[in-house]
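Novice: Numbering (the UniProt record's numbering), first residue to last: 1 to 209. Note that the Cβ used here is the ideal one computed from N, Cα and C, for glycine as well. Before we start, here is the structure in question, set down as structure tokens.
Structural data, given as structure tokens:
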């Protein structure tokens, strides 16, 4: 299990005990169930791993094979599992995640939910937070006029809305510096306190409605 998954699931456990969790799921009775993907959508700290995020799936696969090392039968019963041949990521892991999205669970303490978070989600990044608010990153190739305008405004001496770690002097001519700064900020996890404190700046200079 990844360190991040442990943190998310640990937070869920505390929330369930105190009744102050992000979902208020302690009010559900035994008969009520919720699709796993709905619970994930309601948690702003995690997102589903997309099918085109090959590097992230590979990272998950590495963790999964470590947990199931030398096991003839793996914990999720993946199609094609062979404990002697784990170098190549099985497509059945992603398929299993897709199938489990709609599985109904009682609450965030359910083992099926906890396993899903571990193997099928990643930590949310600022680009994900922007998407939740109806924004999307400015295209690096198709919106040059927007970048040029934002660069000119950002570097003004009276601009107080700055992205963490991104200083652009008023005499700076390299407009790509804003693009690079935005690219870095958008990929930071939402748990990063420095970038979180300048989220409004990320929204202003790096995204559009």
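Just the Cα atoms here: how many angstroms apart are residue 66 and residue 86?
Specialist: Taking the first residue of the chain shown as 1, we reach residue 66 at position 66. Taking the first residue of the chain shown as 1, we reach residue 86 at position 86. Cα to Cα, residue 66 sits roughly 9 Å from residue 86.
Novice: Candidates 150, 88, 170: which alpha carbon is nearest residue 157's?
Specialist: What you label residue 157 is simply residue 157 of the chain shown in a count that begins at 1. Nearest option by C-alpha distance: 170.
Novice: Rounded to the nearest angstrom, what separates residue 116 and residue 37 at their Cα positions?
Specialist: Counted from its first residue, the chain shown places residue 116 at position 116. Counted from its first residue, the chain shown places residue 37 at position 37. When rounded, the distance between both Cα atoms is 9 Å.
Novice: Drop a sphere of 10 angstroms on the beta-carbon of residue 161, count the other beta-carbons inside from all chains shown, and report buried for 16 or more, exposed for fewer.
Specialist: In the chain shown, counting from the first residue as 1, residue 161 sits at position 161. Result: exposed.
Novice: Assuming residue 203 and residue 135 form a contact by the criterion Cβ under 8 Å, report the distance between their Cβ atoms to the nearest whole angstrom.
Specialist: As a working mapping, residue 203 is identified with position 203 in the chain shown. As a working mapping, residue 135 is identified with position 135 in the chain shown. Residue 203 to residue 135, Cβ: 6 Å. Contact.
Novice: With DSSP as the reference, label residue 207 as helix, strand or coil.
Specialist: Taking the chain shown and counting its residues from 1, one reaches residue 207 at position 207. Residue state, collapsed to three classes: strand.
Novice: In terms of residues, what are the limits of the beta strand (DSSP E) holding residue 109?
Specialist: Residue 109 sits at position 109 when you count from the first residue of the chain shown. Neither: residue 109 is in no beta strand (DSSP E) and is coded neither H nor E.
Novice: Using CA coordinates, which residue listed in 84, 180, 56 is at the minimum distance from residue 94?
Specialist: Position 94 of the chain shown, counted from the first residue, corresponds to residue 94. Measuring from the Cα of residue 94, the nearest candidate turns out to be 56.
Novice: Give the single residue among 195, 176, 192, 35 whose Cα lies nearest to the Cα of residue 113.
Specialist: For the purposes of this step, residue 113 is taken as the residue at position 113 of the chain shown. Ranking 195, 176, 192, 35 by Cα distance to residue 113 puts 35 first.
Novice: At the level of alpha carbons, what is the spacing between residue 145 and residue 128?
Specialist: Numbered from its first residue, the chain shown carries residue 145 at position 145. Numbered from its first residue, the chain shown carries residue 128 at position 128. Straight-line Cα distance between these residues: approximately 24 Å.
Novice: Between residue 147 and residue 179, is the Cβ-Cβ spacing less than 8 Å?
Specialist: Along the chain shown, read from residue 1 onward, the residue named residue 147 stands at position 147. Along the chain shown, read from residue 1 onward, the residue named residue 179 stands at position 179. Yes, Cβ-Cβ distance for residue 147 and residue 179 is below 8 Å.
Novice: Tell me, to the nearest whole angstrom, how far the beta carbon of residue 201 is from that of residue 168; I am working on the premise that it is less than 8 Å.
Specialist: Counted from its first residue, the chain shown places residue 201 at position 201. Counted from its first residue, the chain shown places residue 168 at position 168. Contact doesn't hold; Cβ gap of about 12 Å is too wide.
Novice: In whole angstroms, what is the alpha-carbon distance linking residue 184 and residue 137?
Specialist: As a first step, residue 184 is located in the chain shown; it is residue number 184 there, counting from the start. As a first step, residue 137 is located in the chain shown; it is residue number 137 there, counting from the start. Cα-Cα distance, rounded: 12 Å.
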